[in-house]
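Below is one structure, written out as structure tokens, with a few remarks after it.
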Amino acid sequence: MSTPAERKNQQVWDSIEAGALKQALQQCNRRLKKGEKGDYLQILKAHTLTLLGAPANSSEALQIAQQLSSKTPPIDSLDCLRLLTRVWNGLGGAHTREISQLWERAVKVRPGDESLAREWLWGTVRSLDWRGAQKAAMSLQKSFPARREYWFWAAVTCLLLHNSLSETTAAGERKLFGTLAYKMLAKSRDDTPLDTTVVPPRAMQTSQEVNLLLELLAYVSPDAASKEALELLDSKNLGVDSKIGAGDWWGLARKRLEVLEGSKDWKALWEVCRELVKDEKKKEDEAAVTENGEEKKTNGEENAVAKKDGADDEVATKGRGDDWLIWKCFVKAVGELWNSGEKEPGKIALEIILAHCSASATTRNPNLALVKFSSVFHDEHGGPEGTPTLLEACKEYFTKTGTKSACFEDLKVYLEMLEETETEEFLKFVAKRISGMSEETETERIKQVAATINRYKFIYLLTISPITPPLTEEVVSKLNEFITSALKVYTSSLSLGHNLLQTDTQYGDDAALLSVMGLVRLSALSDPPSPVPLYQSTIILNTLLQKSKYNYQALLLLLRIYLLLGAIPLAMEIYPRLNIKQIQNDTLAHFLLTRISTLHPSSNRTDPLLKEAGKIYETSRTQTPGMLVLAYERGSYSQMMGFVEFAERVSGSVCRGMWEIEKRRLARLHPSLAAQQKNGELMRDGDENIWDNRDFSVVISCERSSQQRFEETFRVGATPGENWAKGFSAVERLVEYFRDPSVSFPGAVEGPIPAHVLSVLTRILPDQTAMSEFTPVEATFLSTIQLVVTFLTTPATETESLKSTLSKFTSSLPTPPPASLISSPHAWEYLHTANTILDLVTILQGHFIPHVKQKKLMAELSAAVEALKKTVMTNAATLAKEIEEEEESASDAEQELIDGVLALQGVGRELRDWGVEGGVVAVRGVRKSLAAAVAGVGKGKIEPPALPESTNPLIAYCTKLPHSGIPTRSNNSANNTTAQYLQPPALPDQEKKNQKHSVSPHSEHRHNEH
22 MSTPAERKNQ
32 QVWDSIEAGA
42 LKQALQQCNR
52 RLKKGEKGDY
62 LQILKAHTLT
72 LLGAPANSSE
82 ALQIAQQLSS
92 KTPPIDSLDC
102 LRLLTRVWNG
112 LGGAHTREIS
122 QLWERAVKVR
132 PGDESLAREW
142 LWGTVRSLDW
152 RGAQKAAMSL
162 QKSFPARREY
172 WFWAAVTCLL
182 LHNSLSETTA
192 AGERKLFGTL
202 AYKMLAKSRD
212 DTPLDTTVVP
222 PRAMQTSQEV
232 NLLLELLAYV
242 SPDAASKEAL
252 ELLDSKNLGV
262 DSKIGAGDWW
272 GLARKRLEVL
282 EGSKDWKALW
292 EVCRELVKDE
302 KKKEDEAAVT
312 ENGEEKKTNG
322 EENAVAKKDG
332 ADDEVATKGR
342 GDDWLIWKCF
352 VKAVGELWNS
362 GEKEPGKIAL
372 EIILAHCSAS
382 ATTRNPNLAL
392 VKFSSVFHDE
402 HGGPEGTPTL
412 LEACKEYFTK
422 TGTKSACFED
432 LKVYLEMLEE
442 TETEEFLKFV
452 AKRISGMSEE
462 TETERIKQVA
472 ATINRYKFIY
482 LLTISPITPP
492 LTEEVVSKLN
502 EFITSALKVY
512 TSSLSLGHNL
522 LQTDTQYGDD
532 AALLSVMGLV
542 RLSALSDPPS
552 PVPLYQSTII
562 LNTLLQKSKY
572 NYQALLLLLR
582 IYLLLGAIPL
592 AMEIYPRLNI
602 KQIQNDTLAH
612 FLLTRISTLH
622 PSSNRTDPLL
632 KEAGKIYETS
642 RTQTPGMLVL
652 AYERGSYSQM
662 MGFVEFAERV
672 SGSVCRGMWE
682 IEKRRLARLH
692 PSLAAQQKNG
702 ELMRDGDENI
712 WDNRDFSVVI
722 SCERSSQQRF
732 EETFRVGATP
742 GENWAKGFSA
752 VERLVEYFRD
762 PSVSFPGAVE
772 GPIPAHVLSV
782 LTRILPDQTA
792 MSEFTPVEAT
802 FLSTIQLVVT
812 FLTTPATETE
822 SLKSTLSKFT
832 SSLPTPPPAS
842 LISSPHAWEY
852 LHTANTILDL
862 VTILQGHFIP
872 HVKQKKLMAE
882 LSAAVEALKK
892 TVMTNAATLA
902 KEIEEEEESA
912 SDAEQELIDG
922 VLALQGVGRE
932 LRDWGVEGGV
942 VAVRGVRKSL
952 AAAVAGVGKG
962 KIEPPALPES
972 TNPLIAYCTK
982 LPHSGIPTRS
992 NNSANNTTAQ
1002 YLQPPALPDQ
1012 EKKNQKHSVS
1022 PHSEHRHNEH
């Protein structure tokens, strides 16, 4: 039964869990005022204070924690120590050493208490204090030598401490702890006998412990690491084929291949790979003689896979030879040996590869190995007798795997090696091969679609990707042919997907994506760049997503194109469908959230999206320590290294710094959010542990390796990175400095923050590489802030210098964005420029100008800043109104855009066949979304919620397409005409009233002809 004190403590915990922190604090204070004593109650109060987070609360919590931690005799209650550890962790990373000292004092009081000693280690591990953890782990293994796991805990903790120390400032200590870890594990290695039936306690017994030693070698003895690693991996007691090694056979085998390749021991690598692929061939031969579920007998004996050093058959042979890494290393070793004069391995390798290809015609790895083998001798046109040319090998590979989605990625690098005449021959071969494929069954037609899509990817790679400006008529014709042909493949394939589940993607989706890729290229190559292909892309992608709701590539492309066109509200509707969760907020959220505060700060969605993206950093901080403790207890040392690296990558993420800046900027541009704003940690210029975890490669790309990836060709402005985050973090520190009531102006005494800001800006602004991360208006923003800091750090006695600095402000201010940007394929620039200017104005008006004492100059600067603000807001309001009224006024701008999107030739003709009205609705939907974003400039208001799918005009139109897909023209049917499926949806009265503005006279004429 619980005591009265325990029941009262539970009431406090209930209040904390309910979020009633003030109530929890009151409950603690009432009990303390009544004279109730006890360490746990005081610690519970300190914990509540840290959760409240205010500076005064943190200060009081620190006093309580210091008092209890230095108490004599020391606290030795596990519950009190655990909670006090949480208090220290809540007070910040600067107090991690206190945790180790707290537990160490308790352990000294109770030296024989094993559970207390373990908790000392866990307390330091949870706070990532590796110095304290190393001390705790060494104490643990010395005090309790019978527990073998403590020996390995001490070794791995020495390695983690070694890794955490700086190579420059703590090189001596780093070497010391690395050597200590190595000696401990080397002793365990040497103590491991050949006969593992009886093993000494501290000898190695698991593959995890072997991996730990391999991990350590690279750090401690890099010069001899390869030799020592190979000796270990080839040993009979701990090597790849040992009984202990069988626990992670493939992991150790991979490590051996990597070490051999790194050491350039080509002969040994060749021999190891040859045995592995022979192993796989043996299994294939055994499978080949199996019929009707029974195995054939040879000379009265059954075929069986040979046992490996006592390991079970299944464990020892699973996956041997059946991995691309083996084939890749096999071929590479052959090439290196051939170049050094050893020809025999090449002949044997060719025989082995051809034998595998014959035994398993459709198996990917050996067939691709033949292509790679041919590529080794492509430049010299040599190789062993019987080596096919690279062109022949590519043809053969397509013949065998051309209906697989991986075919393009597999052949891509090799096709780039071919001469132009060879690539032309390859494309002709592929076209002929596809035309000869059977179409009798639905399955065969599906395979033909897959092969056709691979063909168009090859065409893009070999003929579209190399295109560079200028955009000639010939190039336009070539692009239009590619786009329309790919689109026809998509529409013709839709009828094949009638049995697919809602979660499946249509068989021809990649063809539609290829057409969009062509349109994006067409837009970028146009001079001036044209928005028309991007509007056409939105129609294609929206239609695709009606049939394949979860097509990730289509969602990413549509999101990016909406951002480019300034349709930020529509982009925000798409984003949730990506279903980004947990760590993906650090790797994928950048597709929307980069500069989001200057694209649509008035949206009621922006703040929740940023808060959601920021949760991963707190989750990592709180959950990673627990995972580390679990890895210790399970002996999962390789996982432990991964957890530590994960924690470092997340805590030092560029996106973490970016999202913090976006949140703070959003609070300025959307004042109603300021009250609920809880600021996080800003990046510092001296931070070295910076990681860019963003994944850009997830977007489809068929570009040549010498070209930019497709995604890079249409990014939303310069790509921000470490310099961007550090530059704007310095700006935010300046804002914090302005808010400090103790600061005097002008020429305030040089404080650490202004000096720091000036040093960061002085480093970044002259550096062209660093400035490549900033847009033009951001560069102007930083230059203006540099003037502010120059003024702040100028002594008040230097009046002329102060006046000179202030006089530069007017000319340094950014200029309002031109309205013409709205009609370009980069309409986002208008929003970004306008909102960035307003953020700068907010900083200057709210924090800087009121404190300038030179009245005349202050008045001039204040007037210039206010005029800039009014111009930006007035222009935005006027422009938003013009866009909103385009439909009602039948403006020439809208009509010209619609005519371009639904042109009588090229992709416009195909889109007309999908429905003229739908195209008009799509264009107007994007324009209205753009108008909403422009209207929000400077307002900081909450926008109305987005329309549900059922009332969204574009989605409503697309859902009315025939269930079997978009009908296509057929040369075999005279009745199958465009008029049969140009059926517009029923329009609301207002839309009917304005329908006369939906197409140009030329468009109506063509429609009537049909």
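Each residue of the sequence shown is one higher than the one before, counting from 22 in the working numbering.
C-beta: ideal position from N, C-alpha, C; glycine also.
Please read all numbers here as calculations on a predicted model, not as lab measurements.
Reduced DSSP category for residue i - H, G, I as helix; E, B as strand; rest coil
i        : result
Val-33   : helix
Ser-674  : strand
Pro-25   : helix
Phe-795  : coil
Thr-801  : helix
Thr-493  : coil
Cys-723  : coil
Asn-563  : helix
Glu-38   : helix
Ala-289  : helix
Thr-464  : helix
Pro-646  : helix
His-691  : coil
Glu-732  : helix
Pro-554  : helix
Ser-845  : coil
Thr-71   : helix
Asp-628  : helix
Cys-853  : Per the sequence presented here, residue 853 reads as His, with Cys not at that position. His-853: helix per DSSP, three-state reduction.
Thr-895  : helix
Lys-1070 : Past the edges of the chain, shown from 22 to 1031, lies residue 1070, and the structure says nothing about it.
Proximity winner among the options, relative to residue i (alpha-carbon distances)
i       : options                               : result
Ala-634 : Gly-113, Gln-603 and Thr-740          : Gln-603
Arg-210 : Leu-585, Trp-172 and Gln-87           : Trp-172
Ser-177 : Gly-701, Thr-190 and Gly-663          : Residue identity check: residue 177 is Val in the sequence provided, not Ser. It is Gly-663 whose Cα lies nearest to the Cα of Val-177.
Lys-58  : Ser-381, Leu-42, Leu-358 and Asn-30   : Asn-30
Glu-170 : Thr-145, Pro-222 and Pro-835          : Pro-222
Thr-15  : Gln-644, Ile-617 and Ala-250          : Outside the displayed range of the chain (22 to 1031) lies residue 15, so it cannot be described from this structure.
Thr-801 : Leu-186, Glu-938, Tyr-851 and Leu-861 : Leu-861
Pro-797 : Ala-817, Glu-850, Leu-823 and Thr-826 : Glu-850
Pro-838 : Leu-882, Ile-858, Arg-385 and Tyr-203 : Ile-858
Ile-589 : Val-128, Thr-93, Ile-843 and Arg-147  : Ile-843
Ala-556 : Pro-549, Asp-548, Ser-544 and Asn-184 : Here the sequence assigns Tyr to residue 556, which means Ala is not the residue at that position. The candidate whose alpha carbon is nearest that of Tyr-556 is Ser-544.
Ser-558 : Leu-436, Thr-93, Ser-148 and Gly-929  : Gly-929
Arg-933 : Ala-376, Thr-505 and Glu-753          : Thr-505
Val-146 : Ala-427, Leu-181 and Ser-136          : Leu-181
Leu-254 : Asp-244, Val-241, Leu-233 and Tyr-240 : Leu-233
Ala-739 : Arg-730, His-691, Thr-422 and Ala-791 : Ala-791
Val-355 : Phe-450, Lys-285, Ala-376 and Ala-382 : Lys-285
Opposing strand residues paired with residue i [DSSP bridges]
i       : result
Trp-345 : Paired residues: none, contrary to the question.
Trp-712 : Ser-674
Could you tell me whether the stretch 937–951 touches the stretch 907–927, using the rule of 3 or more Cβ pairs below 8 Å? yes
Ordered list of beta strand (DSSP E) runs contained in the stretch 125–196, each at least 3 residues: none
Mind the definition here: the stretch 81–100 touches the stretch 43–59 only if three or more C-beta pairs lie below 8 Å; say whether that holds. no
Is the stretch 725–737 touching the stretch 675–685, taking contact as three or more C-beta pairs under 8 Å? no
Complete alpha helix (DSSP H) runs within the stretch 467–544 (minimum length 4 residues, chain order): 494–514
Do three or more CB pairs link the stretch 354–367 to the stretch 384–392 at distances below 8 Å? no
Unbroken stretches of the alpha helix (DSSP H), 4 residues or longer, contained in the stretch 564–624: 573–585, 589–595, 605–608 and 611–614
Cβ pair count under 8 Å reaching 3, the stretch 147–161 against the stretch 634–652: yes
Taking contact to mean at least 3 C-beta pairs separated by less than 8 Å, is the stretch 375–390 in contact with the stretch 421–434? yes
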